[in-house]
Every structure is written in structure tokens, then in C-alpha cells.
Amino acid sequence: MVKVAVLVIDMLNDFVKGALKCERAERIIPNIKRLLDKAHEKKVPCIYVNDAHLPNVDKEFDIWGPHAVVGTEGAKVIEELKPKPEDFIVSKRRYSGFFQTDLDLLLRELKVETLILTGLHTNCCVKHTACDGYLNGYGIIVPEDCVDAFTQQDHEWGLNYMKTFYKARIVNLEEALKILEEV
């Protein structure tokens with residue numbers, strides 16, 4: 005049996021309600037919640053991979069302006085998806101959850117082989133995390149209704165890119181729930 009983990013990427017106040025609000029984010033919240041509930045029920049590791057930027061330093065500010073600054077409300081996970089005590093939190097300062105973080109070490113310690121990616125944005129942080137995950141040897145599953153982007157075009161582009169270049173298995177929420185049911 006392949007061991008999976010659910011990653012929740014950047015479901016933060018600044019991305020859902022604040023500085024970089026994505027209008028489309030609200031619609032994936034209930035789906036991610038259902039997936040997390042099933043993961044917790046099945047004792048599947050849930051890992052929150054969160055932007056945590058240093059003020060006036062991080063390169064992303066050149067593009068996006070200040071967002072998810074460490075210690076601010078904007079850098080906190082939205083209340084609807086608040087991590088449970090048994091969940092893991094990995095802070096990142098770049099798009100990929102793997103870049104100069106201990107995500108890979110944590111996944112290896114948990115003996116995880118496949119990642120179920122959720123969150124924002126399909127064409128940016130989700131895609132970059134999928135890339136590094138794939139190149140580090142993990143299988144990639146992306147429930148298309150548990151990720152989103154600023155536009156439908158960006159969302160579809162990200163899904164197609166991950167499917168083509170990282171052999172990501174693109175599924176829907178119901179299929180992802182079945183995968184978790186079988187672990």
C-alpha cells in the first residue's frame with residue numbers, strides 16, 4: 005500500500021481574504037475540508053505548506069508586493085481549515101514547498117510516497133511544489149476541485165502542465181476521497 009500525505013498549500017488569510025485575495029479560493033474551502041476530514045479519519049498525514057515571508061526581504065515582494073509576512077494575520081491559515089494538533093506545518097519563503105525547507109525530510113520520516121496537493125495557486129505554488137515533489141521521487145495527485153488560481157485559464161494551464169511534465173494524476177474530490185478510503 006502506497007503511503008500518502010495531504011498537503012495544504014497557502015490557504016492563508018492573505019490569499020483567501022487579504023492582500024492577494026483570490027476570489028475563486030472560497031469555492032475550494034469546503035472540498036479541502038472534506039479531504040482533510042477523511043485524511044484525519046484515516047490517520048493520513050496532513051501537512052500545511054505556508055508562505056512565511058520576512059518583511060522587506062523576500063524576492064516575491066518584487067512581483068506580488070508584501071503578503072504572508074511572518075507574524076501577521078495574513079500569514080495565518082484561514083479559520084475554516086485551521087490545522088489540528090496532529091498536523092504538520094512547513095514554512096516556505098519561495099513558491100515551492102520543498103525549496104530550502106524540511107518538507108522532504110518530514111515526508112521521508114513519515115515514509116510518504118505520494119502527495120495529494122491542495123490549495124493555491126494551481127499555476128504557481130502548487131505547480132512548483134509538484135515539480136520538486138516529482139523530481140524528488142514522489143507520486144503527485146491533484147484533486148482539480150481542491151486547487152485554484154486567479155483565473156480559470158491559469159487553473160487549467162497549471163493542471164495540464166503538472167499532468168504533462170510531472171505525471172500528476174488529476175482527479176476530482178470524490179476520487180481523492182476514494183484514494184484515502186483505501187489507505
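When you line the sequence shown up against our numbering, it's residues 5 to 187, in that order.
A virtual CB, placed ideally from N, CA and C, is assigned to each residue, including glycine.
Everything numeric in this text was worked out from a predicted model, so none of it was measured.
In terms of Cα proximity to S95, the closest of V73, L85, E83, R38 is V73.
Here DSSP, grouped into helix, strand and coil, assigns Y138 to helix. A direct Cα-to-Cα measurement between E113 and K7 gives close to 12 Å. Counting C-beta pairs with one atom in each stretch, the region 17–36 and the region 89–106 have fewer than three that are closer than 8 Å, which means they do not touch. For P34, there is no enclosing beta strand (DSSP E); the residue is found in the alpha helix (DSSP H) stretching over 33–45. In the structure shown, T122 adopts extended strand secondary structure according to DSSP, grouped into three states. Annotation for N35: D149, C150, L177 place their beta carbon closer than 6 Å to its own, counting only its chain and skipping 5 residues before and after. Here the alpha carbon of L110 sits roughly 15 Å from the alpha carbon of I120.
For A9, the beta-bridge partners assigned by DSSP are L119. Pairing V53 with L85 gives a Cβ-Cβ distance that is not under 8 Å. In the three-state reduction of the DSSP assignment, I183 falls in the helix class. Nearest C-alpha to K115 among W161, G143, K88: G143.
Between G141 and the set H159, G123, E160, Y170, the nearest pair of CA atoms involves Y170.
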